[in-house]
Amino acid sequence: STLSTAVTEQTMSTPSRQTTTDGGNNVSSCGCDSCELPIPDDCNSYILCIDKSATLISCGSGLNFNVNTGTCDWEENVVCETSHQCPRPTGRFPYPHSCYHFMDCNNTVMTVNKCPEGTVYSKSEEKCSWTAVCDGKHVFGRNVEQI
């Protein structure tokens with residue numbers, strides 16, 4: 434489609450990469466070999482994980498990170514919330530607007546993780562699952578009815 438072609442061309446030419454290596458709020462490693470992770474307080478950027486090494490990617494002007502596609506997308510196609518917080522100090526919780534991500538909270542410190550390919554996060558099981566239904570979100574390109 435025209436939109437996906439335009440987004441691909443835009444994202445290939447404009448994102449800037451910055452490897453993060455220090456402590457604090459920056460991330461230097463990932464829990465996955467190859468995935469994209471949202472940054473809870475920044476819709477315009479995401480973390481690209483390759484071989485468990487983290488690189489901060491900044492989307493171009495007018496683009497935000499789309500957690501459902503794992504790419505930069507036009508702002509109007511992305512639900513952007515910057516106030517994600519741990520619902521409780523410790524535990525695993527669904528990540529808003531994505532079936533494929535979850536929040537790992539440890540003493541109110543949140544880490545966003547991505548489920549393995551082909552699985553979605555199950556709120557009831559508190560883990561990624563092959564059989565989970567994802568609260569009416571888009572799963573594998575189709576809308577799943579809420580059960």
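Add 433 to the 1-based position in the sequence shown for this note's numbering, that's all there is to it. Using N, Cα and C, we set each Cβ at its ideal position, and we do this for glycine too. Values in this document were obtained by computation on a predicted structure and should not be read as measured data.
Closest to residue i by C-alpha separation, out of the options, would be which residue?
i      : options                        : result
Thr552 : Ala565, Pro527, Glu558, Val542 : Ala565
Ser486 : Cys519, Asp466, His517         : Asp466
Gln518 : Trp563, Cys468, Asp474, Glu469 : Asp474
Asp484 : Cys468, Phe498, Leu496         : Cys468
Ile480 : His534, His530, Pro529         : His534
Asn541 : Cys482, Arg525, Pro529, His530 : Going by the sequence as given, residue 541 is Thr instead of Asn. Checking every option, the nearest Cα to that of Thr541 belongs to Arg525.
State buried or exposed for residue i, treating a residue as buried only when at least 16 other CB atoms are found within 10 Å of its CB.
i      : result
Pro471 : buried
Lys547 : buried
Val500 : buried
Val545 : buried
Cys513 : exposed
Val511 : buried
Met445 : Because Met445 sits at a pLDDT of 32, beneath the cut-off of 50, its placement in the model cannot be relied upon, and the point is left open.
Asn497 : buried
Leu436 : Per-residue confidence for Leu436 stands at a pLDDT of 31, beneath the threshold of 50, marking its modelled position as unreliable; no derived number is given.
Hey, residue i and residue j: beta-carbon distance below 8 Å or not?
i      : j      : result
Lys556 : Pro522 : no
Cys532 : Cys476 : no
Pro549 : Cys538 : no
How many whole angstroms separate the CB atoms of residue i and residue j, which I take to be in contact at a CB cut-off of 8 Å?
i      : j      : result
Ser478 : Ser494 : Not confirmed; about 13 Å, so no contact.
Cys482 : Cys505 : Wrong, their Cβ atoms sit about 16 Å apart, outside the cutoff.
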